[in-house]
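Input: a single structure, listed below in structure tokens.
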Amino acid sequence: MTSIHYQQFPATTTDREGRMVQHQPHTGRTPEDPGFSLVEVLVVMLIVGVLVAIAIPVYLHQQAKANDASTKADVSHLAAEVATYFVDGRGTPTLDFASVPGKVVLTDGATYSVDVNLTNGTARPASGAFANLGNETNWCVSLTDPDGSVKDFKYTARTGLGTGTC
20 MTSIHYQQFP ATTTDREGRM VQHQPHTGRT PEDPGFSLVE VLVVMLIVGV
70 LVAIAIPVYL HQQAKANDAS TKADVSHLAA EVATYFVDGR GTPTLDFASV
120 PGKVVLTDGA TYSVDVNLTN GTARPASGAF ANLGNETNWC VSLTDPDGSV
170 KDFKYTARTG LGTGTC
């Protein structure tokens with residue numbers, strides 16, 4: 020029976036040109052060692068950290084844009100109700116924002132009342148007067164969402180939808 024002789028590392032051999040080459044032991048993973056090295060884990064954590072650092076501001080900006088879109092929709096809906104009220108020739112309405120959370124109540128104080136629902140209750144009346152209801156050709160309503168990027172939107176009888184307050 021022949022015996023197998025294992026060579027101790029570092030072993031030396033010669034390459035094709037006759038130069039001495041020193042062999043190093045195999046340091047890679049074996050099937051018995053399927054785990055990750057510390058360096059690999061740190062690299063993955065670094066990559067995930069960079070991706071999160073990029074994604075969070077983008078996500079927050081998208082949220083602010085969504086809040087702006089809902090405020091625009093709310094002020095446009097409120098303006099449509101005000102315009103309809105004036106077209107019906109009912110005089111000058113009043114807007115009540117405080118009595119019902121998440122709603123603006125458009126009323127003449129007697130027989131006419133319309134509730135305008137605000138998206139998720141996020142929009143609030145703009146700072147100061149949020150409505151200037153002069154007459155059918157000169158009125159303005161505005162809403163503010165402090166979580167939006169633009170924050171203030173107004174709708175006037177003369178210019179339509181825009182940014183700012185009345």
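First residue of the sequence shown? That's 20 in my numbering, and the numbers climb one at a time after it. Each residue gets a CB set at the ideal place from its N, CA and C atoms; glycine is no exception.
Item, Value
"Through-space distance from Thr163 to Ala63, alpha-carbon basis", "The residue asked about is misnamed: residue 63 is Val in this sequence, not Ala. Whole-angstrom Cα-Cα distance: 43 Å."
"Exposure of Thr184, with buried meaning 16 or more beta-carbon neighbours within 10 Å", "buried"
"Stretch-stretch touch, CB-based, cutoff 8 Å, three pairs: the stretch 150-169 with the stretch 79-95", "yes"
"Beta-carbon proximity of Leu180 to Ser95, cut-off 8 Å", "yes"
"Range covered by the alpha helix (DSSP H) that runs through Ala150", "No alpha helix (DSSP H) holds Ala150; the beta strand (DSSP E) holding it covers Ala150 to Asn154."
"C-alpha gap between Ser132 and Val71, whole angstroms", "49 Å"
"Three-state secondary structure (DSSP) of Gly68", "helix"
"Length of the line joining the Cα atoms of Val124 and Val77", "36 Å"
"Inter-residue spacing [alpha-carbon to alpha-carbon] between Ala98 and Val69", "45 Å"
"Asp171 - containing beta strand (DSSP E), residue span", "Asp171 to Thr175"
"Beta-carbon proximity check, Gly128 vs Thr113, cutoff 8 Å", "yes"
"8 Å Cβ shell around Glu5 - same chain, five flanking residues per side excluded", "This structure gives no information on residue 5, because the portion of the chain shown stretches from 20 to 185."
"Own chain partners of Ala90 with C-beta closer than 7 Å, once the 5 adjacent residues on each side are dropped", "It is worth fixing the name first, because residue 90 is Thr in this sequence and not Ala. Closer than 7 Å at Cβ, skipping near neighbours: Ala142, Leu162, Asp164, Gly167 and Phe172."
"Residue range of the beta strand (DSSP E) that includes Leu180", "Gly179 to Thr182"
"Buried versus exposed call for Asp107 [16 or more other C-beta atoms within 10 Å across all chains shown]", "exposed"
"Helix, strand or coil at Thr111 according to DSSP, with G and I counted as helix", "coil"
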